[in-house]
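To start, the structure under review is shown below, and the notes come after it.
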Amino acid sequence: MQQLFNDMIKQDVKPFLTEHGFARKSLNFSKTTEGLIYLFNFQKSSGNSADHVMFYVNCGIYAAELAQIQSKEILTAPQEAECHFRARIGEIARAVPDRFAITPDTNMDDLRKTLLSGLEEVIHFYDTLTSARSIVDYYTSGPFLHLGEESFHLLLQSHDEAAAKQYLKALYEKYGAENRWTIFENKYKAIFNTYGVEFDKL
Numbered sequence: 570m571q572q573l574f575n576d577m578i579k580q581d582v583k584p585f586l587t588e589h590g591f592a593r594k595s596l597n598f599s600k601t602t603e604g605l606i607y608l609f610n611f612q613k614s615s616g617n618s619a620d621h622v623m624f625y626v627n628c629g630i631y632a633a634e635l636a637q638i639q640s641k642e643i644l645t646a647p648q649e650a651e652c653h654f655r656a657r658i659g660e661i662a663r664a665v666p667d668r669f670a671i672t673p674d675t676n677m678d679d680l681r682k683t684l685l686s687g688l689e690e691v692i693h694f695y696d697t698l699t700s701a702r703s704i705v706d707y708y709t710s711g712p713f714l715h716l717g718e719e720s721f722h723l724l725l726q727s728h729d730e731a732a733a734k735q736y737l738k739a740l741y742e743k744y745g746a747e748n749r750w751t752i753f754e755n756k757y758k759a760i761f762n763t764y765g766v767e768f769d770k771l
């Protein structure tokens, strides 16, 4: 089963992703554009055996501008865990499972077809995220807490106070009733103060 997995990566996944501008390093495939690095990571499950190989496909986008906001070193070869946008393939390509399994009963043609169509869908999705701001827009439209502080910094740095306040309001409506909200509110208030922007009472 391990050999089937290796063959699939080498004969199907690598040529497909190479065609779309991704370079392979072990089980990571990355493509670098100006300011962004797009990533696919094939993560094998720790409980694999000779007749059962399970794996996940992790998707990530790393933004140098967001790393700068975080006061972190700018990476040229980030790991998936260091990316600013992170998702499993099934979160983006809804028709694709979150994890794949190769067993003696697996129809490899079907698996390849499903996997490659999922990768293609993610690549189309990647094409819509072409800047640090577009990653921030993705998370603020959720609205998600993930990258909250970085998002406020980026929005207020670029003087988009309206978007920052809209995001704050949306976060409050979604998470304001939770006990932990006060912690986030204090952090966000400090960021608004840094830029001399009035923090609206929620």
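Numbering (the working numbering), first residue to last: 570 to 771. Ideal Cβ positions, reconstructed from N, Cα and C, are used throughout, including at glycine. Keep in mind it's a predicted model, so treat the numbers as computed, not measured.
Just measuring C-alpha positions, the residue of PRO666, ARG663, TYR631, ILE661 sitting nearest LEU716 is TYR631.
A distance below 7 Å between beta-carbons, with the five flanking residues on each side excluded, links ASP620 to the following residues of its chain, in chain order: MET570, THR672, PRO673. The DSSP-derived three-state label of HIS693 is helix. If you compare the alpha carbons of PHE609, VAL766, VAL665, SER614 with that of LYS583, the shortest gap goes to PHE609. Ranked by how close their Cα comes to the Cα of GLU603, the residues GLU634, LYS738, ALA650 have GLU634 in first place. Check the Cα spacing between ALA646 and each of ASP678, PHE598, GLY616: the tightest is with PHE598.
Counting along the chain, the unbroken beta strand (DSSP E) around SER599 starts and ends at 597–602. Within the DSSP secondary-structure output, GLY629 pairs in a beta bridge with LEU608, ARG655. Per DSSP, the beta-bridge partners of PHE624 are LYS613, PHE669.
Collapsing the DSSP output to three states places ARG593 in a strand. For SER686, the secondary structure class from DSSP, reduced to helix, strand or coil, is helix.
The segment 622–631 and the segment 662–671 touch, with three or more beta-carbon pairs separated by less than 8 Å. Judged by DSSP in its simplified three-state form, SER720 adopts helix. Just measuring C-alpha positions, the residue of LEU714, GLY765, HIS722, ALA592 sitting nearest ARG749 is LEU714.
Per the C-alpha coordinates, the member of ASN575, MET577, GLY590, ALA739 positioned closest to ASP696 is GLY590.
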